[in-house]
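Engineer: Next up is a structure, given as structure tokens.
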Amino acid sequence: VVMGDLTAAEGRTYGPFPFDLSVDRVAAYVAATGDDPNRWTDHAPPGFAAAALFHPAPAFFADPDVAPHTKSIIHADQTFMWHKPWGLGAYEITGTVDRVRGRRGVAFVTFTMEVDRAGERVLDATSTFLMSGDAPPAGGGAARPEPAQNERGANEGHLRSASRADLVRYAAATTDFNPIHWDHDTAVAAGLPGVVVHGLLLEAWMLQAAYSDTDGVHPLAEAKVRFKQPVLAAAQAEVSAEVDDDALHLTLSVDGETCVTGRAVTR
Numbered sequence: 136v137v138m139g140d141l142t143a144a145e146g147r148t149y150g151p152f153p154f155d156l157s158v159d160r161v162a163a164y165v166a167a168t169g170d171d172p173n174r175w176t177d178h179a180p181p182g183f184a185a186a187a188l189f190h191p192a193p194a195f196f197a198d199p200d201v202a203p204h205t206k207s208i209i210h211a212d213q214t215f216m217w218h219k220p221w222g223l224g225a226y227e228i229t230g231t232v233d234r235v236r237g238r239r240g241v242a243f244v245t246f247t248m249e250v251d252r253a254g255e256r257v258l259d260a261t262s263t264f265l266m267s268g269d270a271p272p273a274g275g276g277a278a279r280p281e282p283a284q285n286e287r288g289a290n291e292g293h294l295r296s297a298s299r300a301d302l303v304r305y306a307a308a309t310t311d312f313n314p315i316h317w318d319h320d321t322a323v324a325a326g327l328p329g330v331v332v333h334g335l336l337l338e339a340w341m342l343q344a345a346y347s348d349t350d351g352v353h354p355l356a357e358a359k360v361r362f363k364q365p366v367l368a369a370a371q372a373e374v375s376a377e378v379d380d381d382a383l384h385l386t387l388s389v390d391g392e393t394c395v396t397g398r399a400v401t402r
């Protein structure tokens, strides 16, 4: 891995990219994440920030200085700060490589995103990506049989699950078309047991738990999640939320194993 090339991207900006939020886009995202269609009609839920991220992020990954280091990408953590609700209309989205650090052949990249509407800040986001020019070992995890297209667990209360078909719908709603989320062979070649759920879909489920007891279209001030273990398509996940003095501590687990942890602050 030639770290100098990737380090050269530090401070580089991608965008601004124009983006229009329509009623149809809101409806598609709400359906893909299992949120409340009666609550989210002319505003998108907070988790729609995932769709915004996938405007500047592909430009970053395609940068000639960056592309050689994308054979292995791990989304380690994600922070969102919401300043205004996701109303319908036109937005501008800009991404910036804030920092690049190298450690044992792996680049730790801090990537920030700003979303503006009519000159006002709507969202700030920070992503941490672990990137390497070395492909993960094929078959690094024991491959499991590919689940049926519509196979999934329960989606009620704090239980969440996504079928392979659900993941295609989420990809269409957010433009996150990484094939490890819909193609079994690609996922196995990447060292995974099979198709895995999008990390930001897992976060959307956790955010829903955070604002389930709130009203209105601007329920969250900020949230941060850390991705610890992948969640396979059709697996039964459970989201728990514990109230602290000033925040909600969130956990998403499968079969008792913690896969994602998070913290959210409501308004």
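In this note's numbering, the protein residues as written are 136 to 402. Glycine included, every Cβ here is placed at the ideal spot set by N, Cα and C. This one's a predicted model, so the numbers in the text were calculated from it and none came from an experiment.
By a C-beta neighbour count over all protein chains shown, 10 Å radius and 16 as the cutoff for buried, is P354 buried or exposed?
Structural biologist: buried
Engineer: Indicate whether M266 and I208 have their beta-carbon atoms separated by less than 8 Å.
Structural biologist: yes
Engineer: Ends of the alpha helix (DSSP H) at E338?
Structural biologist: E338: member of the alpha helix (DSSP H) spanning G334 to A345, first to last residue.
Engineer: Is it buried or exposed, E373, if we count other Cβ atoms within 10 angstroms and call 16 or more buried?
Structural biologist: buried
Engineer: Let's test the definition: count the other Cβ atoms within 10 Å of the Cβ of P199 and tell me whether it reaches 16, buried, or not, exposed.
Structural biologist: exposed
Engineer: With F246 and A211 assumed to form a contact (beta carbons below 8 Å), what rounded beta-carbon distance in angstroms separates them?
Structural biologist: Contact flag wrong, Cβ pair sits at about 11 Å.
Engineer: Flag this pair as touching only if the stretch 277–287 and the stretch 323–333 have three or more C-beta atom pairs under 8 Å; answer yes or no.
Structural biologist: Contact between the stretch 277–287 and the stretch 323–333 is present, because at least three Cβ pairs lie under 8 Å.
Engineer: Do G391 and K359 have their C-beta atoms within less than 8 Å of each other?
Structural biologist: Going by C-beta atoms, G391 is not nearer than 8 Å to K359.
Engineer: For E357 and T214, I'd like the C-alpha separation in whole angstroms.
Structural biologist: If I take the Cα positions, the gap works out to 7 Å.
Engineer: State the Cα-Cα distance for the pair A186 and F312, rounded to the nearest angstrom.
Structural biologist: A186 and F312 have their alpha carbons spaced roughly 11 Å apart.
Engineer: Whose CA, out of W217, T142 and R238, lies closest to the CA of T401?
Structural biologist: W217
Engineer: Roughly how many whole angstroms lie between the Cα atoms of P271 and K206?
Structural biologist: 8 Å
Engineer: Between the beta-carbon of A340 and the beta-carbon of L387, is there less than 8 Å?
Structural biologist: A quick correction: the sequence has Trp, not Ala, at residue 340. Going by C-beta atoms, W340 is nearer than 8 Å to L387.
Engineer: Have a look at L464 and D380 and give me their C-alpha separation to the nearest angstrom.
Structural biologist: Residue coverage of the chain in this structure runs from 136 to 402, which leaves residue 464 outside it and unanswerable.
Engineer: Report yes if the C-beta distance between A300 and N285 is below 8 Å; otherwise report no.
Structural biologist: yes
Engineer: If H333 and L302 are in contact, beta carbons under 8 Å, what's the gap, nearest whole angstrom?
Structural biologist: Confirmed, about 7 Å.
Engineer: Going by DSSP, which residues form a beta bridge with T261?
Structural biologist: The partner list for T261 (beta bridge, DSSP) reads T214 and T247.
Engineer: On a Cα-Cα basis, can you pick out the residue from T349, T310, S347 and P365 that is closest to V323?
Structural biologist: P365
Engineer: Which of helix, strand or coil does DSSP assign to P153?
Structural biologist: strand
Engineer: On the three-state DSSP scale, how would you describe T349?
Structural biologist: coil
Engineer: Measuring only the C-alpha atoms, how far is G224 from P153?
Structural biologist: 11 Å
Engineer: Who are the near neighbours of L156 in its chain, counting only those whose CB is closer than 7 Å to its CB and skipping five residues on each side?
Structural biologist: A179, W221, L223, G224 and Y226
Engineer: Mapping the DSSP letters down to three states, classify V330 as helix, strand or coil.
Structural biologist: coil
Engineer: Given V389, which residues of its chain have a CB within under 7 Å of its CB, disregarding the five upstream and five downstream residues?
Structural biologist: V366, A370, Q371 and A372
Engineer: Counting only the same chain and skipping the five closest in sequence on each side, list residues whose C-beta sits under 7 Å from that of H319.
Structural biologist: E281, G329 and V330
Engineer: Please report the distance separating the alpha-carbon of A344 from that of K363.
Structural biologist: 19 Å
Engineer: Could you check where the beta strand (DSSP E) with F362 kicks off and where it finishes?
Structural biologist: L355 to F362
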